[in-house]
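Below you'll find the structure, written out as structure tokens, and then a few comments.
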Amino acid sequence: MIDTQPTPGPATTPQGQGEPPGRGRRSKATLSRSNERFALALLLPALIFVAALIAYPLFVAIQLSLTPGSFSALRETTGGVSLEHFVAVFSDRATLDELGRTAVYVVGTIVPAFAAGLMIALLLRHRFAGRRWLRSLVLLPWAVPSVAASAIFLWMLDGSLGIVNKVLSALGLIDGPVAWYSSPDTAMAAVIVPTVWKQFPFFAMILLAALQTVPNDLYESAKVDGASRWRQFTTVTWPGIRGAAYAALVIGTLGVYREFDFIYPLTRGGPNDVTSTLAISIYREAFQFSNMGFASALGIVSTLLAAVFVIFGGRIMARNNL
Amino acid sequence: MSASLALASCLTGGGSGSEGDGSNEGGEQVTLDFPNFQANEAPFSQWWDEFIAAYEDANPNVTVSVSSAPNSAALAETLTTRFAADDPPSVVQQTTANFAKFADAGYFRPIDDLLAETNVPDSWGPLQETYTWNGETQGVMTLASGLILYYNKDLLDQAGVEVPTTAEELVAAAEAVYDPENGIYGFVGVSAPQDTKLYNEPSAFVVGQGGQWYDGDAPNFTDAAVLDALEIYRRVMATAPPGIQHTQRNTIFQSGQGAFMIENANFAGAIRSEAPEDIQPSLQAAPVPFDIQPGLASVFLAIPSGIEGAELEAAEEFVTMAVSPEWQARYAEIIGAPAPDPNSVAELVADDPQIEMFAELGSEAISVYPTSPAVLQNLPELNKLMFDAMVEVSSTDRPVEEIMADLQQAAEALL
């Protein structure tokens, strides 16, 4: 069995020991207030920066979403408050479809990306020739700009000139060329593949860092106890990396949830909207169709969904003491 | 994403226009802000470079700040953001599909008075009327032509077929050339989702064979002429490389792997500047093999309503000079195709029969764009629906009637 020793916490002293009770508390309270003010002063520039870059745009987006009627210029947004754009968002069947496609895209990306990242992290944990070289290589997709990666995959999956079709054809897996991005049956998979390619190094990096904090002694003990490799994974490895894995899943999921850079250059949300996720729809409504109010409302709903996910993920982590 | 809408308003404040407060008369320095999606696109870039240099020479107090956009769609989206943030450029360049959207929002300034001093109202022909909104001219075309059938003579000769003169001949010739095993395609047409050329190519077939997408304010997608034309389109597209975007289409044709493609006359200039020299002689042009010559005014310039003072004067001078006979003639010379001014090729036609043909086809072209304001206002949304339908027509076996019936229903709901 594997036992863990409780880690001794920092030494504590009884509050106010050796000082007159009232005076000590007052001087400590004064010091605490002074420290708080100092800390606040240090944080102020960052808070102003955050307010300017996040809070104000969010405020304007909310304002746009509550402005009645059709408008395309921000200067037209004075006066009137209405929920009509939110009503339109919730009563539009397309919203539900986009939510479903977003879920497919996120799950379809995160599951294989996480699995690939975990396997690579487990591989890279071991010492072998070329490990350093491989570590750098694995990170490469993460460093490639998404739009550049899109261009690469566009040609790789091209129906007539793409290497993927040629390889699959040579292996006898397809009869004729497949137009991956034009067929409603394959377009979603064809945008998921490059997203997985881009995303898995993120998981590999986080999980590898977490794996390196798992003491080797635990594996030695597990081996002595006769634990199989799978048993070692479930009782030593996973508990050791679970916190990092959950955090990476939350961050990674949010990243894929708002992903735009792959889908738009590759399919622009088509064909027949099969790759039109929430992010694509918001963009199209705002910048192609000039429906700023509707797009803002959809954006607010999308942001709230992300917030719910973050809170939900945070609670799971808190419940598991992660 | 929602925050990005608002960020646009925060990050795009100011940036262009006059650096003083009023008129241009005293030699006040002015920066003319001009986003351009042809700035790096040969051979148009050469014309723009020469024109802007000449404009700055003629207006020493004006500096033209050109920001390059990768394509018209990207520029349209940038312009949407800038107009929304009340930060318009000094001169707008855009494609026809977005004209009504911007004009209806009041973003453009009427330029009838400005154009009255030029030969545009009298000489430029009916396609210029594309840019009339609420009875006022709000744009001037910079790219207009008939749609042309480009063909690869070597591939036709190898297959033993002639340049087609009817739709059926086009189908037969494309099928005769088609040899995908060896990377040779009959017709090189786009079928990638939401590619903007998904409007022009099917429109050439539909309008060329007597159909119209819209009948006044109503969609006309299930009309018999439209359906018949799309059946031909489907048969031709069966010989096309699957799922390609228009940049891939151009590459395939210019590399000698496609027998036919349909584009405007300006593509001749792209062939000259981009196709390998040994292939260029075999890439030739002919009228589309239909009874009616389709055409379009596809790019225009406009002056935003939100600018004034010295910046406005500079913008007006910019547009006036661009449409002048001198620069229209230079355009034809560089591009190898007629400029919007039909007189632009007067001195070239004697030496270049291809340009003469382009000019004739342009003069008789019927526009593939609708004219109904109600349709034009919703054209981006309608085009999105239509593009999806065209991909389905060209890439699936589903009956054309069913696809177009669905499109008709969706378009009627939108309008």
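Residue numbers (the working numbering), protein chains in the order written: chain A, 1 to 322; chain B, 1001 to 1415. Beta carbons are placed, not taken as given, at the ideal position from N, Cα and C, and that holds for glycine.
Are the CB atoms of residue i and residue j nearer to each other than 8 angstroms?
| i | j | result |
| --- | --- | --- |
| residue 1377 (chain B) | residue 1219 (chain B) | no |
| residue 1301 (chain B) | residue 1286 (chain B) | no |
| residue 1137 (chain B) | residue 1187 (chain B) | no |
| residue 1217 (chain B) | residue 1372 (chain B) | yes |
| residue 208 (chain A) | residue 125 (chain A) | yes |
| residue 1120 (chain B) | residue 1092 (chain B) | no |
| residue 1299 (chain B) | residue 1075 (chain B) | no |
| residue 81 (chain A) | residue 261 (chain A) | no |
| residue 1246 (chain B) | residue 1278 (chain B) | no |
| residue 1145 (chain B) | residue 1264 (chain B) | yes |
| residue 111 (chain A) | residue 187 (chain A) | no |
| residue 1338 (chain B) | residue 1355 (chain B) | yes |
| residue 1206 (chain B) | residue 1192 (chain B) | no |
| residue 1148 (chain B) | residue 1262 (chain B) | yes |
| residue 1260 (chain B) | residue 1174 (chain B) | yes |
| residue 1393 (chain B) | residue 1234 (chain B) | yes |
Just reading off the alpha helix (DSSP H) that residue i is part of, what are its end residues?
| i | result |
| --- | --- |
| residue 201 (chain A) | 187-211 |
| residue 1198 (chain B) | 1197-1208 |
| residue 1329 (chain B) | 1325-1335 |
| residue 1343 (chain B) | Here residue 1343 (chain B) belongs to no alpha helix (DSSP H), and DSSP marks it neither H nor E. |
| residue 1287 (chain B) | That residue, residue 1287 (chain B), is in no alpha helix (DSSP H); its beta strand (DSSP E) goes 1283-1287. |
| residue 1253 (chain B) | 1246-1254 |
| residue 1092 (chain B) | No alpha helix (DSSP H) holds residue 1092 (chain B); the beta strand (DSSP E) holding it covers 1092-1095. |
| residue 160 (chain A) | Here residue 160 (chain A) belongs to no alpha helix (DSSP H), and DSSP marks it neither H nor E. |
| residue 1063 (chain B) | It is not in any alpha helix (DSSP H) - residue 1063 (chain B) instead sits in the beta strand (DSSP E) that spans 1062-1068. |
| residue 1453 (chain B) | Examination of residue 1453 (chain B) is not possible in this model, given that chain B is present from 1001 through 1415 alone. |
| residue 1363 (chain B) | 1353-1363 |
| residue 241 (chain A) | 238-257 |
What residue from the options has the CA that sits closest to residue i's CA?
| i | options | result |
| --- | --- | --- |
| residue 1401 (chain B) | B:1221, B:1102, B:1214, B:1199 | B:1221 |
| residue 1090 (chain B) | B:1046, B:1248, B:1313, B:1193 | B:1313 |
| residue 1416 (chain B) | A:307, A:217, A:318, A:289 | Since the first residue of chain B shown is 1001 and the last is 1415, residue 1416 (chain B) is not available in this structure. |
| residue 252 (chain A) | A:41, A:106, A:67, A:48 | A:106 |
| residue 83 (chain A) | A:294, A:95, A:139, A:235 | A:294 |
| residue 1282 (chain B) | B:1155, B:1389, B:1183 | B:1155 |
| residue 1293 (chain B) | B:1063, B:1046, B:1051, B:1358 | B:1358 |
| residue 103 (chain A) | A:320, A:258, A:313 | A:258 |
| residue 301 (chain A) | A:315, A:235, A:162, A:87 | A:87 |
| residue 1242 (chain B) | B:1412, B:1067, B:1396 | B:1396 |
| residue 1201 (chain B) | B:1067, B:1214, B:1249 | B:1249 |
| residue 1038 (chain B) | B:1095, B:1080, B:1087 | B:1095 |
| residue 1066 (chain B) | B:1057, B:1046, B:1059, B:1033 | B:1033 |
| residue 220 (chain A) | A:122, A:213, A:211, A:232 | A:232 |
| residue 1276 (chain B) | B:1252, B:1290, B:1296, B:1055 | B:1252 |
| residue 1266 (chain B) | B:1108, B:1135, B:1054, B:1296 | B:1296 |
| residue 178 (chain A) | B:1244, B:1122, B:1168 | B:1244 |
Span of the beta strand (DSSP E) holding residue i?
| i | result |
| --- | --- |
| residue 1158 (chain B) | No beta strand (DSSP E) holds residue 1158 (chain B); the alpha helix (DSSP H) holding it covers 1153-1159. |
| residue 1298 (chain B) | 1294-1302 |
| residue 1032 (chain B) | 1030-1036 |
| residue 1263 (chain B) | 1258-1264 |
| residue 1185 (chain B) | 1185-1187 |
Buried or exposed: residue i, going by 16 or more other Cβ atoms within 10 Å of its Cβ?
| i | result |
| --- | --- |
| residue 1048 (chain B) | buried |
| residue 180 (chain A) | buried |
| residue 237 (chain A) | buried |
| residue 1130 (chain B) | buried |
| residue 1370 (chain B) | buried |
| residue 1271 (chain B) | buried |
| residue 1404 (chain B) | buried |
| residue 137 (chain A) | exposed |
| residue 323 (chain A) | Outside the displayed range of chain A (1 to 322) lies residue 323 (chain A), so it cannot be described from this structure. |
| residue 1412 (chain B) | exposed |
| residue 304 (chain A) | exposed |
| residue 109 (chain A) | buried |
| residue 90 (chain A) | exposed |
Quick one: is residue i near chain E, going by C-beta distance under 8 angstroms?
| i | result |
| --- | --- |
| residue 271 (chain A) | In the structure shown, chain E cannot be found, because the protein chains are A and B. |
Following a CB-centred definition, is residue i positioned closer than 7 angstroms to any heavy atom of the ligand SAH?
| i | result |
| --- | --- |
| residue 1152 (chain B) | This structure does not include the ligand SAH; it has no bound ligands of any sort. |
At a Cβ cut of 7 angstroms, what residues of the stretch 1223-1247 of chain B count as close to chain A, listed as they run along the chain?
1241, 1242, 1243, 1244
Quick one, which residues of the stretch 89-116 of chain A are near chain B if we go by CB-CB under 7 angstroms, in chain order?
none
Compile a chain-ordered list of the residues in the stretch 280-292 of chain A whose CB is closer than 8 angstroms to at least one CB of chain B.
282, 283, 284, 286, 287, 288, 289, 290, 292
Using a Cβ cut-off of 7 angstroms, which residues of the stretch 153-175 of chain A contact any Cβ in chain B, in chain order?
158, 159, 160
Any C-beta of chain B within less than 9 angstroms: which residues of the stretch 177-191 of chain A qualify?
177, 178, 179, 180, 181, 182, 183, 184, 187
Near-chain A residues of the stretch 1185-1202 of chain B - C-beta to any C-beta below 9 angstroms:
1185, 1191, 1192, 1193, 1194, 1195
Relative to chain A, which residues along the stretch 1369-1380 of chain B have a C-beta separation below 8 angstroms, given in chain order?
1380
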